[in-house]
Amino acid sequence: MTTNISFLLNGDTISHDIKEHWTLLYLLREELGLIGTKEGCGNGECGACTVIIDKLAVNSCLYLAIEADGKIIETIEGLASTEGNLHPLQQSFVDNGGIQCGFCTPGMIMSSKALLDEKPDADREEIKHALAGNICRCTGYIQIFESVEAAQEKVAANKGGKDE
Amino acid sequence: MKAFKYLSPTTVEEAIAFHGQHSETAKYMGGGTDVIVKVKEGWMEPDFLISLKKIKEMSELHKNAATGELSIGTIGGNLINAVPSADGAIPLIALDGVALLHGPEGERSVAVKDLFVSPYKTILKPMEILKKITIPPQAPHTGSAYIKFGRRAAMELPLIGIGILLSLDEIQGICTKARICLGVAAPTPMRAFDAEKLLKGKKIGEALLIEAGKIAADESKVRDSVRGKAWHRKEMIRVHVKRMGIKCLELINAGH
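Chains A and C supply the protein sequences, listed in that same order.
Numbers 146 to 309, taken from this note's numbering, label the letters of the first sequence in order.
Numbers -2 to 253, taken from this note's numbering, label the letters of the second sequence in order.
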């Protein structure tokens, strides 16, 4: 039961043969080699596998690859510029102690990006709400919220400047 | 995860036909957050997964001012999964929501409160689809409030869910309709009928709501679980029936 799908992944058009029972997470990691997206619980509880699909933060472990057909998908690998400059959110997590072991970080950053893309001036409550589905066992969350807040101005300034 | 064939019909009729062709080995899927987990864990082993995502009449969320009609997206999945917590069911029961089921023999309507048989079991027959939920228009001077009470917001099911709706008579403020709905308080979502009876026909204030909370807690069939003890759940029913009741009154006073 193989089928071909195509979608936009971090700006590149991808066409790939998939099995219909594959999750998007499996496709990204095991087939396309994009291992920045993590598998934590595999049950949609922890948010480590978060990617952005058509502007919404989604748990890729519960999303079937076949449903990605025709969609626009962003993963953590698509954030830094081709020259290697980190996205403001990534830089802010580094600068503000939003990372310890790093396992939850790609998911945290993708959930944060989906929020700030939609609402650059989100307040602390909105940030907490957007990250409610992302579990971190190291930092205690405060530094993560601060990292997102510290990135807000830069993200807002970059908006419109970068073609998406 | 077990291999399956993925089907994405665009009409309810087509979905039912697919299911009919593969009856025992096919499963419907809404958003997939429950079904995919079940397949991954091996609790469900479909050869065919029928996604309902592309069925337009189901994915459209529209509210009709005259009838208060609300089509469902994946709230249907939340209902059909029929966990005792049933986050989505409690407010719908408080609002007297009616589910429209569509199966091989056509459509039938059932009150949302009557959908549930036991944990993880609904009255849906094989191949039937929950197509739409209709919320009847409410009388003026109606307020409703819902709380999903748990220890934290993420990665958590509620310890208790409480949905209340109160309608007051316009002139004297007498209660003409009361709905007190409890989630995680019994094997299925339930209404606290005795507590509702206490409120109906009376002028409602804090003292009466405290009494209603006590009765609702007694009516509940709470039990101990990993998330909380029965006595604590009863306490929370008592407290939150009162609080949500007061919130309803505030909403009515504010003209909502």
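Don't be surprised by glycine CBs; every beta carbon is placed ideally from N, CA and C.
In this structure, C:Gly160 is the residue among C:Lys244, C:Gly160, C:Val223 with its C-alpha nearest to the C-alpha of C:Glu193. If only uninterrupted beta strand (DSSP E) runs of at least 3 residues are considered, those enclosed by the segment 163 to 201 of chain A are 195 to 198. Beta-bridge pairing by DSSP links C:Glu104 to C:His99. Approximately 5 Å separates the beta-carbon atoms of A:Glu165 and A:Ile211; this is inside 8 Å, confirming the contact. Three or more Cβ pairs closer than 8 Å define a contact, and the segment 221 to 237 of chain A meets that threshold against the segment 292 to 304 of chain A.
Inter-residue distance for C:Gly100 and C:Val114 is about 18 Å (C-alpha atoms, whole angstroms). Excluding sequence positions up to five before and after C:His19, its CB lies within less than 7 Å of the CB of Asp44, Phe45, all in the same chain and listed in chain order.
Of the other Cβ atoms in all chains shown, 16 or more fall within 10 Å of the Cβ of C:Ser217; this residue is therefore buried. Straight-line measurement puts the Cα of C:Met241 at about 7 Å from the Cα of C:Tyr143. CA-CA distance, C:Met(-2) to C:Glu21, rounds to 19 Å.
Close partners of A:Glu165 in chain C (Cβ separation under 7 Å): Phe1, Lys2, Tyr3. Straight through space, the alpha carbons of C:Pro186 and C:Gly27 are spaced by roughly 21 Å. By DSSP's assignment, C:Thr119 forms a beta bridge with C:Phe113. With fewer than 16 other CB atoms across the displayed protein chains lying within 10 angstroms of its CB, A:Asn230 is exposed. Comparing C-alpha distances from C:Val95 to each of C:Leu76, C:Ile33, C:Asp166 shows the shortest one belongs to C:Leu76. For C:Cys245, the enclosing alpha helix (DSSP H) covers residues 227 to 250. Not a single CB atom of chain A sits nearer than 8 Å to the CB of C:Gly39. Taking the CA atoms as reference points, A:Leu154 sits about 16 Å from A:Lys258.
The beta-carbon of C:Val223 is placed no less than 8 Å from the nearest beta-carbon of chain A. A distance below 6 Å between beta-carbons, with the five flanking residues on each side excluded, links C:Lys244 to the following residues of its chain, in chain order: Ala142. Between A:Leu173 and A:Thr220, the gap from beta carbon to beta carbon is short of 8 Å.
At a cut-off of 8 Å, the C-beta of A:Ile289 has no neighbouring C-beta in chain C.
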